[in-house]
Structure formats: C-alpha cells, structure tokens
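Chemist: Numbering (this note's numbering), first residue to last: 11 to 329.
In structure tokens:
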C-alpha cells in the first residue's frame with residue numbers, strides 16, 4: 011500500500027511539473043526578446059505579453075544611472091573605482107547633484123551604518139530625485155540591513171534613514187525652496203530611487219518623509235531596481251505612512267533571471283500588486299540573456315551598472 015501511494019504521488023508530481031512547464035512556456039512573456047519589456051500592471055498577478063522597450067527604457071534610464079551613482083563615494087579624492095564611471099556624462103548637464111547636503115554631522119551618522127544617499131535635480135524637467143546605494147558584498151552593515159527582521163531593534167541603514175535622514179532632507183528642501191532663484195523647488199516632482207537594498211531604502215524614504223510637518227511635497231514615484239523585499243513599511247509611524255502612500259506610485263524594475271526575480275513572481279501571484287495608495291507595477295527586461303531564456307547567472311543579473319548600460323543600448327535602439 012505505501013509503495014502504491016508513493017507511485018501515485020510520483021505521477022502527480024510529474025503531471026504538475028509537466029503541466030506547469032507547459033503553462034509557463036505557452037505564455038507570451040516566456041519568449042521575451044532583448045528589445046522588449048514585460049509589464050505587470052497594478053492589480054495584475056502575471057506579466058503581460060512583451061512590448062517594444064525603447065521608449066520605456068529611455069524613461070527608466072536616468073533613474074538607473076542615478077541609482078548607480080549612489081554607490082559612488084561623495085569624496086572627490088576617493089580613489090575607489092566608480093561603479094558607473096560614465097553615469098554623470100550619460101545623465102547630461104541638465105542633471106545637477108546637491109553639493110552641500112548632507113552636512114558633516116549627518117554624513118558621520120550615515121557612514122556609521124553605511125547609508126549612502128545622493129540628491130539630484132533637473133530644473134528643466136521639474137524633477138528632484140533622491141537615490142540610495144545598495145548592497146556591497148563586503149559591507150557587514152549592508153547585510154545587517156538586508157536581514158534586519160532578525161534584529162528589529164538594531165540601528166541600521168533603515169533606522170538612520172527613517173529618523174535623521176528624512177528629517178534633514180525635509181528641512182533642507184523647505185529651506186532651499188524659499189531661497190531666491192530656487193522657488194521652483196516648491197513645484198518639482200519628488201522621486202526616490204535605488205537598487206537592491208537601495209530600492210528598499212527608496213521605498214522607506216517615500217513612506218517616512220515628514221512632508222506635512224515641513225510643508226513640502228510627498229514622494230510621487232519610487233523607481234525600485236532589483237528591489238529588496240525589505241521596506242520596513244510597518245515600522246514606519248502609521249499616520250505618516252498613511253499620508254505618504256496616497257497617490258504614491260511604485261515601479262519595480264528588474265532583469266530577467268535576476269536573483270530575486272522568482273521571489274517577486276511568486277509574491278505577485280500570491281498577493282496581487284496594489285492598485286492604489288500605493289499603486290504598484292513591475293517591469294521586467296531581458297537585457298543580458300538570449301531571446302528565449304535570459305541569463306543563467308542570477309548574481310550577474312543583479313548588477314545595476316550592467317542594467318543601466320543595457321537600458322542605454324535599448325533606449326538608443328542598438329540592442
């Protein structure tokens with residue numbers, strides 16, 4: 011009897027595997043090409059059929075470059091190789107970084123937990139973008155932040171961001187927008203972005219910014235590249251996060267075969283992406299792999315520098 015049951019279970023498992031494989035490869039998203047993007051809109055569990063990616067990649071590219079720049083040191087004398095050596099040149103002169111922020115005291119606190127953040131503005135397009143650096147393999151602080159649910163009471167990048175950084179940023183923006191010639195900062199669209207751990211931090215920034223208290227705008231959109239599943243939404247003060255998610259859009263962008271892609275896919279099937287407050291959508295590119303299976307290296311697929319370079323080629327129509 012046990013042998014018969016085991017045999018039956020073997021056939022059930024084989025049927026599920028074959029059926030599941032057939033269901034996957036029969037979907038249009040499975041056959042995504044390099045110059046296409048597959049989108050999972052708000053409220054939809056599965057990726058839609060791929061579509062031409064050129065115009066969408068062009069829109070995502072600046073935020074990928076800005077996310078990449080957050081890994082680089084703010085110290086111009088630092089000899090460390092930059093992760094995106096051509097990032098500033100690719101952005102163009104219309105994008106300018108904030109130079110005198112954060113101040114020395116905040117930089118010291120940020121450095122103690124390895125929190126890296128940069129602010130960029132584009133006056134001509136009315137954009138203000140705050141970017142956050144992601145995981146560096148040799149940083150113990152980054153790994154502590156990635157696995158913060160094991161020690162919720164620890165001081166890490168999320169706690170410094172949600173306390174000191176958001177308040178300092180809000181105060182600085184409120185001050186700058188009253189300065190002669192900078193009044194336009196009162197009307198810019200505020201965006202946060204980041205890669206990996208930095209993407210989780212970008213969402214945390216959007217949830218925890220004390221916008222009403224300082225009379226500044228809320229974050230309009232988060233561009234989250236290869237995002238971490240950690241955002242500490244529930245660890246943000248309820249009244250603040252409830253105000254900040256109203257009208258918020260979160261765009262999660264990733265490469266096919268990237269290490270956390272399967273986690274995102276399963277999560278979207280189990281828990282349908284939110285349609286409003288926040289509105290959550292996903293975009294999957296296939297920049298590194300062939301036209302059928304994508305890359306086979308989930309670690310290499312997690313590179314923001316390579317993702318930015320791939321987006322640049324697709325945006326130019328050369329991929």
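A virtual CB, placed ideally from N, CA and C, is assigned to each residue, including glycine. Keep in mind that this is a model prediction, so the values were computed, not measured.
On the DSSP letters alone, give me the boundaries of the alpha helix (DSSP H) that residue 208 sits inside.
Modeler: Residue numbering aside, residue 208 sits at position 198 when the chain shown is read from its first letter. Element bounds for residue 208: 207–218.
Chemist: Relative to the alpha-carbon of residue 192, which residue among 204, 169 and 108 has its alpha-carbon at the smallest distance?
Modeler: Residue mapping note: residue 192 aligns to position 182 of the chain shown, counting from 1. Closest by alpha carbon: 108.
Chemist: Taking all protein chains shown into account, decide if residue 201 is buried (16 or more other Cβ within 10 angstroms of its Cβ) or exposed.
Modeler: Against the chain shown, residue 201 aligns to sequence position 191. Label assigned to residue 201: buried.
Chemist: Taking only the alpha-carbon atoms, compute the straight-line gap between residue 182 and residue 172 and give it to the nearest angstrom.
Modeler: Residue 182 sits at position 172 when you count from the first residue of the chain shown. Residue 172 sits at position 162 when you count from the first residue of the chain shown. Approximately 16 Å between the Cα atoms of the pair.
Chemist: Provide the residue span of the alpha helix (DSSP H) that contains residue 55, from first to last.
Modeler: The residue given as residue 55 occupies position 45 in the chain shown. Run containing residue 55: none; DSSP gives neither H nor E here.
Chemist: How long is the line joining the alpha carbons of residue 278 and residue 290, rounded to whole angstroms?
Modeler: Here residue 278 corresponds to residue number 268 of the chain shown, with the count starting at 1. Here residue 290 corresponds to residue number 280 of the chain shown, with the count starting at 1. Cα to Cα, residue 278 sits roughly 10 Å from residue 290.
Chemist: Taking contact to mean 3 or more Cβ pairs, one atom from each stretch, closer than 8 Å, check whether the stretch 159–166 and the stretch 205–221 are in contact.
Modeler: Result no; under three Cβ-Cβ pairs closer than 8 Å.
Chemist: Measuring only between beta-carbons, confirm whether residue 189 sits less than 8 Å from chain D.
Modeler: Checking the listed chains, one finds no chain D in this structure; it contains a single protein chain.
Chemist: Does the distance from the CB of residue 194 to the CB of residue 139 come in under 8 Å?
Modeler: On the chain shown, position 184 is the one that residue 194 refers to. On the chain shown, position 129 is the one that residue 139 refers to. Contact: no.
Chemist: List, from N- to C-terminal side, the alpha helix (DSSP H) runs of 4 residues or more that fit wholly inside the stretch 98–157.
Modeler: Counting whole runs of 4 or more residues, the stretch 98–157 contains the alpha helix (DSSP H) stretches 114–123 and 150–156.
Chemist: Can you look up residue 305 in the DSSP assignment and give me helix, strand or coil?
Modeler: The residue you call residue 305 lines up with position 295 of the chain shown. Residue placement at residue 305 is poorly supported in this model, since its pLDDT is 49, which falls under 50; the coordinates are not used for a value here.
Chemist: Going by C-alpha to C-alpha distance, which of 241, 245, 198 and 249 sits closest to residue 230?
Modeler: Working through the chain shown from its first residue, we reach residue 230 at position 220. When each option's Cα is compared against that of residue 230, the closest is 198.
Chemist: Taking only the alpha-carbon atoms, compute the straight-line gap between residue 177 and residue 219 and give it to the nearest angstrom.
Modeler: Here residue 177 refers to the residue found at position 167 of the chain shown. Here residue 219 refers to the residue found at position 209 of the chain shown. In a straight line, the C-alpha of residue 177 is about 7 Å away from that of residue 219.
Chemist: Any idea what DSSP makes of residue 316, helix, strand or coil?
Modeler: As a position in the chain shown, residue 316 is number 306, starting the count at 1. In the structure shown, residue 316 sits in a helix (DSSP, three-state: H, G or I).
Chemist: For residue 233, does the count of other Cβ atoms within 10 angstroms reach 16, so buried, or fall short, so exposed?
Modeler: Position 223 of the chain shown, counted from the first residue, corresponds to residue 233. By the neighbour-count rule (16 or more Cβ atoms within 10 Å), residue 233 is buried.
Chemist: Taking 8 Å as the threshold (C-beta atoms), are residue 75 and residue 1 in contact?
Modeler: Since the first residue of the chain shown is 11 and the last is 329, residue 1 is not available in this structure.
Chemist: What would DSSP say about residue 70, mapped onto helix, strand or coil?
Modeler: As a position in the chain shown, residue 70 is number 60, starting the count at 1. Residue 70: helix per DSSP, three-state reduction.
Chemist: So, for residue 224: in the same chain, excluding its five sequence neighbours on each side, which residues have a beta-carbon less than 7 Å away from its beta-carbon?
Modeler: Locating residue 224 in the chain shown gives position 214, counting from the first residue. Within the same chain, residue 224 has close Cβ partners 180, 181 and 184.
Chemist: In whole angstroms, what is the alpha-carbon distance linking residue 78 and residue 143?
Modeler: Locating residue 78 in the chain shown gives position 68, where the first residue counts as 1. Locating residue 143 in the chain shown gives position 133, where the first residue counts as 1. Answer to the nearest angstrom: the Cα atoms are 7 Å apart.
Chemist: Per DSSP, residue 62 forms a beta bridge with which residues?
Modeler: By one-based count along the chain shown, residue 62 stands at place 52. Residue 62 pairs with 46.
Chemist: Hey, residue 65 and residue 116 are a contact pair by Cβ (cut 8 Å); roughly how many whole angstroms apart?
Modeler: For the purposes of this step, residue 65 is taken as residue 55 along the chain shown, with counting starting at 1. For the purposes of this step, residue 116 is taken as residue 106 along the chain shown, with counting starting at 1. In fact, because the Cβ distance is near 38 Å, the residues do not count as touching under 8 Å.
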